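Asker: In my numbering, the protein residues as written are 5 to 75. I'd like to ask some things about the structure below.
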Amino acid sequence: FEKVRWINSAGIGFMLSCVTTLRRQGGDVYFVGLHDRVEYYFKITKIDSVLQIYRSVDEVVKNASSPAKRP
């Protein structure tokens, strides 16, 4: 996601649909290295409250055993 500089509502909807499907099947998704603009959009829309967002892969590894936030 580090090269994604913007995302629209259709992209957000598709992404949340994929996350929901994966979680229902016992999987999860980790978002790493979001562009500042995308991260800001996730925060103001409160989408960050249901996604697992990390700055680095190392941070994901340290926190991967934590229970996921569910949409």
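Quick reminder that beta carbons are idealized off the backbone N, C-alpha and C, glycines included. Only a predicted model underlies this, so the values are computations on that prediction, with no experimental measurement involved.
Can you check DSSP and say which residues form a bridge with residue 57?
Answerer: 35
Asker: Would residue 8 pass as a contact of residue 39 if the rule is Cβ separation under 7 Å?
Answerer: yes
Asker: Where does residue 26 land, buried or exposed, given buried means 16+ other C-beta within 10 angstroms?
Answerer: exposed
Asker: Below 8 Å on the Cβ atoms is my guess for residue 33 versus residue 23; work out the distance and round it to an integer in Å.
Answerer: 5 Å
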